[in-house]
Amino acid sequence: MRELIGPCSNCGKDIYCRDGFLDGVYVEGKLLCFDCAAELKEQEEQTQK
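With positions in the sequence shown counted from 1, the corresponding number in this note's numbering is that position plus 4.
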């Protein structure tokens with residue numbers, strides 16, 4: 005089963021719940037697709053260096 009949860013807060017891509025698993029991440033009150041979440045993580049890691 006696939007249910008639309010909403011758009012990515014960053015790029016607008018639709019994010020779905022598939023068989024009970026979120027096809028994205030919820031970070032700091034924002035829904036993000038996996039691609040945008042990975043970019044955010046990369047930026048945070050570079051900032052910490």
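Backbone N, C-alpha and C define an ideal beta-carbon position, used for all residues, glycine too.
| query | When the Cα of Arg22 is compared with those of Gly33, Ser13, Glu7, which residue comes out closest? | reply | Answer by Cα proximity: Glu7.
| field | Leu36 vs Leu44 beta-carbon contact at 8 Å | value | For Leu36 and Leu44, yes; Cβs fall inside 8 Å.
| Which of helix, strand or coil does DSSP assign to Cys40? | In the structure shown, Cys40 sits in a helix (DSSP, three-state: H, G or I).
| request: Would you mind reading off the limits of the beta strand (DSSP E) that contains Cys21? | output: Unbroken beta strand (DSSP E) run through Cys21: 18-22.
| Should Cys15 go down as buried or exposed, given a rule of 16 or more other Cβ atoms within 10 Å for buried? | Note on Cys15: under 16 other CB atoms within 10 angstroms of its CB, so exposed under the neighbour-count rule.
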